[in-house]
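In my numbering, the protein residues as written are -15 to 170. Glycine is no exception: its CB is placed at the ideal position from the N, C-alpha and C atoms. Presented below is the structure to which this report refers.
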């Protein structure tokens, strides 16, 4: 049997790899919700993923103006914004109906702001958006998930600074599986 050596240039190989990343389906990311906090507490937020679904909530900016946010944890939100169907977080304004992508990838997990055994902070960055604040900022969404007793309870949504969004809630899936067993639930 004769073997043929195929020569591929490094730039071509990089181009093909990048192309595969861009065209790859953006479904649920298996195991993406696994996180180990700085104190050794472990979490699995995978059960919060709604394949083909989404969570939603409203931020009331004024008495007559609000934004609707749609998000999913380890899969794209089933959003009304067809142009942003691969995004994890979107925002729709009630006044003009414009849909804004507020979080794509990478997804990162870190300790809850109140302590590593209190839950998980999930961060989504819109790495494809260059329109926020004349391209100076990337839209970023922080979902703060505290330990709770239900599958999901929304506590509130806010925009603490320009192009930074916070969604706060509680879930039984944000209670440590191992390590310190603290709780934020009432």
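Status (buried if at least 16 other CB within 10 Å, exposed otherwise) for residue 9: With a pLDDT of 33 at residue 9, under the threshold of 50, the modelled position of that residue is not reliable, and the figure given next carries that caveat. With fewer than 16 other CB atoms across the displayed protein chains lying within 10 angstroms of its CB, residue 9 is exposed.
Close-in-space but distant-in-sequence residues of the same chain around residue 45 (CB under 6 Å, 5 per side omitted): none
Which of helix, strand or coil DSSP assigns to residue 59: coil
Between the CA atoms of residue 33 and residue 72 - distance to the nearest angstrom: 10 Å
Counterpart residues of residue 30 in DSSP-defined beta bridges: Beta-bridge pairing links residue 30 to no other residue.
Rounded distance between the beta-carbons of residue 128 and residue 55, thought under 8 Å: The Cβ separation is near 12 Å, so there is no contact.
Backbone CA spacing between residue 134 and residue 120 [nearest angstrom]: 39 Å
C-beta atoms of residue 83 and residue 65 nearer than 8 Å: yes
6 Å CB neighbourhood of residue 125 in its chain, flanking five on each side removed: 73, 86, 87, 108, 149
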